[in-house]
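Trainee: Numbering (the working numbering), first residue to last: 24 to 420.
Where is the CB? At the ideal position from N, CA and C, for every residue including glycine.
Sharing a structure, written as C-alpha cells. Questions coming.
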Ligand code: PMP
Ligand code: GLN
C-alpha cells in the first residue's frame, strides 16, 4: 500500500478543503474557506484573455514576465516610497503559497528553527516541515474586549529564540485574527531580528484590506535595518478577488532573492503567462477596484459582526483581512456542545444550521486558545450574508 511520506503525515487534509467539502455536502452557506462569491474586475480579466489571444501562452521567464516585475516595483514604490530592482529583487510565484514554500525550502536547513505567531496560517507548518525545519510559536493572545487587538508578549518572543533560530514569520494583516500589527509591535520584532541576525518572512496577502485608518498596514521591510533581512510575500488573489489565479510574488534583497529562486525554479519554474499579464494590468490600473472592495468589505464586516453579536457570539472586530474571529461559547451552550470544542461546533453549524465556519484550534500548537473560537469569512455578497444570518437565527432557540 502506498503510504504518504512521513513529513506530511501530521497534517492530513487542510481544514479549508475539509470544511468546503462539508459545506457542499450539506448545502451550507460557505463562510469557511476564504474566497469571494463575486467575480474579480472585468478589465483585469480582459487583460488576461487579451494576452492569451495575442499568443502569450508559452513559459514565462523564471522570475516573472518583465511587465509584472515592473508593475510590482512600481506598486512597492507607491506603497513604501522605496526603490527596488525588478530583475534581481522580485520573483513571481504561483500564489503566495508557492512563495512561502520557495522561501522555506530556499532558506531553511534541517534543524533550523522558525518562529511563528499562533494562530498561524496552516501552510506555514507544512512548508517549514518540508524544509526539515522546526517551528516554535509565540501566542497572539485573545483580547478581553471586542475592539482590542490580539497581542503578544514581547518576552514570549525573546524566550522563543535559540541559537538555532533562523527566521520569524509575520502575517499582517493576520489570518485568522484580523489583527493589523502596529508599528510598535513590528519594531519589537525588527529589534529581535537585528539583535539575533534573523530573517523576517512576512506574508502580506491582505495588505490592502484594512478598515481602520488609525492602524494602517506597515511592511516590516521598511523599518530601519530590515530591508536586507526581510522577504516580503504577497499575491493578487485577495486584493482583486481573483483567488483562483494564484499569482504571487516575493520581494527581497538580491541575496535573499537568490535563495527563493533556488527553490522556485524547481517547484514550478514559472507561473501562468497570460495571468501574469492580467496581474500586471491589475497592479497598474486596479486602484479604484481596491477602494470599492474595501468599502464593500467594511459594510459586510459590520453586518456580519453585529449579527453574530446579536446571536450571542463574542466578536473580536478585525482591523484587516476578510475574517471575523468569534467566541462560540454561548451558542455552543445552546446547542448542548462543549464550549471547548470548536470542531464539533463548526461541524454542527455546517450540518444542522446550514452555515460553515472554520474551527481554529488547528491553527494553534496550544490548542486551548483556539477551541473557543470560530472564524467566519465575510468576503461574500450581501445576499449571501443575509441568507447565512437568517439560518444562524436558529441559534436563538
Ligand atoms: N497567506 C495567507 C495568510 C492566506 O490567508 C492565504 C490565503 N489563501 C495565502 C497565504 C495563500 O495565498 P495564495 O492564494 O496567493 O497562494
Ligand atoms: N486562505 C484561505 C483561507 O484562509 C484558504 C485558502 C486555501 O484553501 N488554501 O480561508
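Spatial neighbours of residue 337 within its chain, please: C-beta separation below 6 Å, excluding the five flanking residues on both sides.
Mentor: Reading the chain shown from its first residue, position 314 is the one you call residue 337. Hits under 6 Å: 350.
Trainee: I'd like to confirm the pairing. Which residues does DSSP put opposite residue 343 in its beta bridges?
Mentor: Numbered from 1 along the chain shown, position 320 holds the residue referred to as residue 343. Answer is 233, bridged to residue 343.
Trainee: Cβ of residue 56 versus every heavy atom of the ligand GLN: is any distance shorter than 7 Å?
Mentor: Position 33 of the chain shown, counted from the start, is the residue given in the question as residue 56. Within the cutoff, so yes.
Trainee: Below 8 Å between beta carbons: does that hold for residue 112 and residue 296?
Mentor: For the purposes of this step, residue 112 is identified with residue 89 of the chain shown, where counting begins at 1. For the purposes of this step, residue 296 is identified with residue 273 of the chain shown, where counting begins at 1. Contact: no.
Trainee: Is the CB-CB distance between residue 109 and residue 299 below 8 Å?
Mentor: The count along the chain shown starts at 1 and reaches residue 109 at position 86. The count along the chain shown starts at 1 and reaches residue 299 at position 276. Taking 8 Å as the Cβ cut-off, residue 109 and residue 299 do not qualify as a contacting pair.
Trainee: Here's a check: name, in chain order, each residue in its chain whose Cβ is nearer than 8 Å to the Cβ of residue 217, leaving out the five neighbours to either side.
Mentor: Residue 217 sits at position 194 when you count from the first residue of the chain shown. Counting only Cβ-Cβ distances below 8 Å, and skipping sequence neighbours, we find 248, 249, 252.
Trainee: What are the boundary residues of the beta strand (DSSP E) that residue 158 is part of?
Mentor: Stepping through the chain shown from its first residue, residue 158 is reached at position 135. Unbroken beta strand (DSSP E) run through residue 158: 157-162.
Trainee: Mind checking whether residue 397 and residue 407 have CB atoms under 8 Å apart?
Mentor: Here residue 397 refers to the residue found at position 374 when the chain shown is read from its first residue. Here residue 407 refers to the residue found at position 384 when the chain shown is read from its first residue. Cβ distance not < 8 Å, so residue 397 and residue 407 don't count as in contact.
Trainee: Is it the case that the CB of residue 400 approaches a heavy atom of the ligand GLN more closely than 7 Å?
Mentor: Position 377 of the chain shown, counted from the start, is the residue given in the question as residue 400. Yes, since a heavy atom of the ligand GLN falls inside the 7 Å radius drawn around the Cβ of residue 400.
Trainee: Could you tell me the distance, in whole angstroms, from the CA atom of residue 123 to the CA atom of residue 273?
Mentor: As a first step, residue 123 is located in the chain shown; it is residue number 100 there, counting from the start. As a first step, residue 273 is located in the chain shown; it is residue number 250 there, counting from the start. Roughly 9 Å between the two C-alpha positions.
Trainee: Counting Cβ pairs, one atom from each stretch, are 3 or more of them under 8 Å apart for the stretch 369-388 and the stretch 51-58?
Mentor: Because the criterion of three Cβ pairs below 8 Å is met, the stretch 369-388 and the stretch 51-58 touch.
Trainee: Which runs of the alpha helix (DSSP H) fall wholly inside the stretch 312-400 and span at least 4 residues, in chain order?
Mentor: List check, alpha helix (DSSP H) in window: 352-358, 365-371.
Trainee: Given residue 321, which residues of its chain have a CB within under 8 Å of its CB, disregarding the five upstream and five downstream residues?
Mentor: Position 298 of the chain shown, counting from 1, holds the residue named residue 321. Hits under 8 Å: 234.
Trainee: Rounded to whole angstroms, what is the Cα-Cα separation between residue 137 and residue 399?
Mentor: Stepping through the chain shown from its first residue, residue 137 is reached at position 114. Stepping through the chain shown from its first residue, residue 399 is reached at position 376. If you take the alpha carbons of residue 137 and residue 399, they lie about 28 Å apart.
Trainee: Using the three-state DSSP reduction, which class does residue 285 fall into: helix, strand or coil?
Mentor: Translated into positions along the chain shown, residue 285 becomes position 262. Looking at residue 285 - three-state DSSP - the assignment turns out to be helix.
Trainee: Kindly list the residues whose CB is nearer than 8 Å to the CB of residue 232, restricted to its own chain and excluding five residues on each side of it in sequence; keep chain order.
Mentor: For the purposes of this step, residue 232 is identified with residue 209 of the chain shown, where counting begins at 1. Taken in chain order, the residues that qualify are 196, 261, 262, 316, 317, 320, 343, 344, 345.
Trainee: Would residue 239 and residue 202 be called neighbours here (beta carbons separated by less than 8 Å)?
Mentor: Mapped onto the chain shown, residue 239 falls at position 216. Mapped onto the chain shown, residue 202 falls at position 179. Not in contact: residue 239 and residue 202 (Cβ atoms no closer than 8 Å).
Trainee: With respect to 7 Å, is the separation between the Cβ of residue 140 and the closest non-hydrogen atom of the ligand MG below this value?
Mentor: As far as ligands go, the structure on display features the ligand PMP and the ligand GLN and does not contain the ligand MG.
Trainee: How far does the alpha helix (DSSP H) with residue 137 in it extend, from its first residue to its last?
Mentor: The residue you call residue 137 lines up with position 114 of the chain shown. Premise fails: residue 137 lies in the beta strand (DSSP E), 136-141, not in any alpha helix (DSSP H).
Trainee: I want to check one thing, is the minimum distance from the CB of residue 34 to the heavy atoms of the ligand GLN below 7 Å?
Mentor: For the purposes of this step, residue 34 is taken as the residue at position 11 of the chain shown. No, the beta carbon of residue 34 sits no closer than 7 Å to any heavy atom of the ligand GLN.
Trainee: Out of curiosity, what's the CA-to-CA distance linking residue 327 and residue 77?
Mentor: Along the chain shown, one-based indexing puts residue 327 at 304. Along the chain shown, one-based indexing puts residue 77 at 54. C-alpha separation (whole angstroms): 43 Å.
Trainee: Please name the residue, chosen from 24, 74, 116, 179, that lies closest to residue 287 on a Cα-to-Cα basis.
Mentor: The residue labelled residue 287 in the question sits at position 264 within the chain shown. It is 116 whose Cα lies nearest to the Cα of residue 287.
Trainee: For residue 93, which beta-bridge partners are listed by DSSP?
Mentor: Within the chain shown, the letter at position 70 stands for residue 93. None, per the DSSP bridge assignment.
Trainee: Does the distance from the C-beta atom of residue 126 to that of residue 256 stay below 8 Å?
Mentor: Here residue 126 is taken as the residue at index 103 of the chain shown, counted from 1. Here residue 256 is taken as the residue at index 233 of the chain shown, counted from 1. For residue 126 and residue 256, yes; Cβs fall inside 8 Å.
Trainee: Residue range of the alpha helix (DSSP H) that residue 180 falls in?
Mentor: For the purposes of this step, residue 180 is identified with residue 157 of the chain shown, where counting begins at 1. From DSSP, the alpha helix (DSSP H) with residue 180 extends over 177-183.
Trainee: Where does residue 35 land, buried or exposed, given buried means 16+ other C-beta within 10 angstroms?
Mentor: Translated into the one-based positions of the chain shown, residue 35 becomes position 12. Residue 35 should be labelled exposed.
Trainee: Do residue 348 and residue 200 have their beta-carbon atoms positioned less than 8 Å apart in this structure?
Mentor: For the purposes of this step, residue 200 is taken as the residue at position 177 of the chain shown. For the purposes of this step, residue 348 is taken as the residue at position 325 of the chain shown. Their beta carbons are under 8 Å apart, which means residue 200 touches residue 348 by this criterion.
Trainee: Tell me which residues share the same chain as residue 411 and place their Cβ nearer than 7 Å to its Cβ, disregarding the 5 neighbours each side in the sequence.
Mentor: If you number the chain shown from 1, residue 411 lands on position 388. The residues are 52, 54, 378.
Trainee: Which one of 177, 313, 331 has the shortest CA to CA distance from residue 209?
Mentor: Here residue 209 refers to the residue found at position 186 when the chain shown is read from its first residue. Considering only alpha carbons, the answer is 177.
Trainee: Measure the beta-carbon distance from residue 85 to residue 292 and round it to whole angstroms, keeping in mind my assumption that it falls under 8 Å.
Mentor: Here residue 85 corresponds to residue number 62 of the chain shown, with the count starting at 1. Here residue 292 corresponds to residue number 269 of the chain shown, with the count starting at 1. About 6 Å; that satisfies the 8 Å criterion.
Trainee: Figure out for me which residue from 142, 419, 81 has the closest Cα to the Cα of residue 330.
Mentor: To locate residue 330, count along the chain shown from 1; it is residue 307. Cα-wise, what sits closest to residue 330 is 419.
Trainee: Could you name the residues of the same chain whose beta carbon sits closer than 6 Å to that of residue 74, not counting the 5 residues immediately before and after it, in chain order?
Mentor: Your numbering for residue 74 matches position 51 in the chain shown. Only 297, 300 meet the Cβ criterion.
Trainee: What are the residues that DSSP puts in a beta bridge with residue 194?
Mentor: Counting from one through the chain shown, the residue named residue 194 turns up at place 171. Partner(s): 226.
Trainee: If we ignore side chains and look at the alpha-carbon of each, how far apart do residue 219 and residue 181 end up?
Mentor: By 1-based counting over the chain shown, the position of residue 219 is 196. By 1-based counting over the chain shown, the position of residue 181 is 158. Going by the C-alpha atoms only, they are around 10 Å apart.
Trainee: With a CB to CB cut of under 6 Å and the five nearest residues on each side skipped, what residues in its chain are close to residue 94?
Mentor: To locate residue 94, count along the chain shown from 1; it is residue 71. Correct list, in chain order: 303, 306, 307.
Trainee: Considering only residues of the same chain and omitting the five flanking positions on each side of residue 134, which have a CB-CB separation below 8 Å?
Mentor: Sequence index remark: in the chain shown, residue 134 carries index 111 (1-based). Result list for residue 134: 155, 156, 157, 187, in chain order.
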